[in-house]
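In UniProt numbering, the protein residues as written are 1 to 172.
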């Protein structure tokens, strides 16, 4: 890989956020180097590249770090314009994908709150919040989601769904 187009992904093997970026790069056919981070003993490079949040994923392209998974996904689509595109060209459709991607992010964050909540009351409240968000997501998907045939042309929305909800089966 030429140095002027070097791509490195700093990640953690079980991170949903990292899996989003990995999947997007594989879909787009972008060769990259993967650096596994120990989140209990963060590397100097991780702290250098993401000094604000100090977390993964961090995509380093030509020596420049990009952080936050949704920001990275948009960067990938804007930088590598080859097919398949992750975001629609139409501004309205692109805004809809961004909205639902952000909403899926909220569902994931609510799920994390459930795992870290203490006490039955807090867990019950977290479960109610998740169920409410999932019901809204289900209703929204009825109007928004268009199933792909044979997995062709996966986009940002598909990446969010697969990486966020695909892991739940393994966690059962």
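Note that CB positions come from ideal geometry on N, CA and C, so glycine has one too.
Given the structure is predicted, the values throughout are model-derived calculations rather than measurements.
Scanning its chain for C-beta atoms nearer than 6 Å, with the 5 sequence neighbours on each side dropped, one finds around residue 39 the residues 12, in chain order. Of the residues assessed, residue 157 falls on the buried side of the cut-off, its CB having 16 or more other CB atoms within 10 angstroms. Looking from the CA of residue 159, the closest CA among 79, 119 and 102 belongs to 102. Relative to residue 10, the option among 123, 80 and 48 whose CA is nearest is 48.
Within a 10 Å sphere around the beta-carbon of residue 57 sit 16 or more other beta-carbons, which makes this residue buried.
In the DSSP assignment, residue 59 is bridged to 9 and 66.
For the pair residue 97 and residue 59, the CB atoms are not nearer than the 8 Å cut-off.
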